[in-house]
Amino acid sequence: TAEELKFDISEYEIINEPIENNTAKIAAKLAGDGKVKIIVKGHIHTDILMKEVLLRKYNLIGKKRLSHIWHMTLDKEDKPLIITDGALNVNPNVKTKMHILKNVIDFCHRIKIARPKVSILSATEEVLDSMQSSLDAKEICELAEKESLNADIFGPLAFDNSVSKKSAEIKGIKNVVAGDADVLLVPNVETGNALVKMMIYFMGACAAGVVIGGKVPVVITSRSDDATARLASISAAVVALD
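Numbering (our numbering), first residue to last: 1 to 242.
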């Protein structure tokens, strides 16, 4: 508790609302009225909160589509790995993936990655008609080139070729992204979620998660997250502030 931590909360307004759906409404209205700059999910379901945030009446959504990023760090590795979208957009098409791409590039610029290396993830480095994610990756790269986005974008790439230079060299993949990706743009939410959870539970990674692209960032943490992950997520949200 705050008393145990000797943390003075007397200057903060605390709104006691026991009904889950109402907490989401209160948070969205406070953000819409400009009274709070960040929304942090507590012990409520993500879909309840995001359904409220997406309502037009709060004016929290602009022209961009919302997307979620995971900022992953390991104790032994200073370079973060950003995974998107592993929480919000379930099975995005190319148009939605372009929004996800632009959002994550903007976030990377905010954390001083001047020209992020983005891997458009698939299960192969070849474009195959039988694998939609590889077709999407090819189209995304073509669209990104036309729009001259301030990032190095390449795909399709499998996970090993995205993070291991040795693997990329063995397969003869030569570009600045292969083996050195800052960002993994995943084909669907299952892929992103599995990668993140694997890094947390098998590798001890710290996962900072935040929804970006709207008028205010929304921190979405798991109820099983520890204090470090929660604080890291809030820090990521501060960086994402306009």
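Virtual Cβ for every residue (Gly too), placed ideally from N, Cα, C.
For residue 221, count the other beta carbons within 10 Å of its own beta carbon; 16 or more makes it buried, fewer makes it exposed. Which is it? buried
Helix or strand or just coil, what does DSSP make of residue 247? Absent from the structure is residue 247, since the part of the chain shown begins at 1 and ends at 242.
By the three-class DSSP mapping on this structure, what secondary structure does residue 121 have? strand
Taking the alpha-carbon of residue 211 as reference, which of 18, 30, 46 and 9 has the nearest alpha-carbon? 46
Expected contact under 8 Å - CB spacing of residue 44 and residue 31 to nearest Å: Residue 44 to residue 31, Cβ: 15 Å. No contact.
Any idea if residue 209 is buried or exposed, counting beta-carbon neighbours within 10 angstroms, 16 or more meaning buried? buried
Please identify the residue among 171, 90, 74 and 176 whose C-alpha is closest to the C-alpha of residue 200. 74
Taking the beta carbon of residue 228 as the centre, do at least 16 other beta carbons fall within 10 Å, making it buried, or is it exposed? exposed
Taking the straight line between their C-alpha atoms, what separation do you get for residue 2 and residue 91? 41 Å
Which residue marks the beginning of the beta strand (DSSP E) containing residue 152, and which one marks its end? 152-157
Report the three-state DSSP secondary structure of residue 72 (helix, strand or coil). strand
Taking the DSSP output, what are the residues bridged to residue 206? 73
Let's test the definition: count the other Cβ atoms within 10 Å of the Cβ of residue 202 and tell me whether it reaches 16, buried, or not, exposed. exposed
Would you grab the beta carbon distance between residue 156 and residue 113 for me? Rounded to a whole angstrom, and I think it's under 8 Å. Actually they are not in contact, since the Cβ atoms of residue 156 and residue 113 sit about 22 Å apart, beyond 8 Å.
If you follow the beta strand (DSSP E) that residue 238 is part of, which residue opens it and which one closes it? Not the beta strand (DSSP E): residue 238 falls in the alpha helix (DSSP H), residues 227-240.
Output yes or no for whether 8 Å exceeds the beta carbon distance between residue 142 and residue 134. no
Taking just the CA atoms, how far does residue 27 sit from residue 53? 8 Å
Which class does residue 221 belong to by DSSP, given the choice of helix, strand or coil? coil
Tell me the DSSP bridge mates of residue 184? 83 and 119
Residue 39 - partner residues in DSSP beta bridges: 218
Chain-order list of residues whose beta-carbon lies under 6 Å from that of residue 108 (same chain, five-residue window excluded): 116
Identify which residue in 218, 10 and 97 has its Cα closest to the Cα of residue 242. 218
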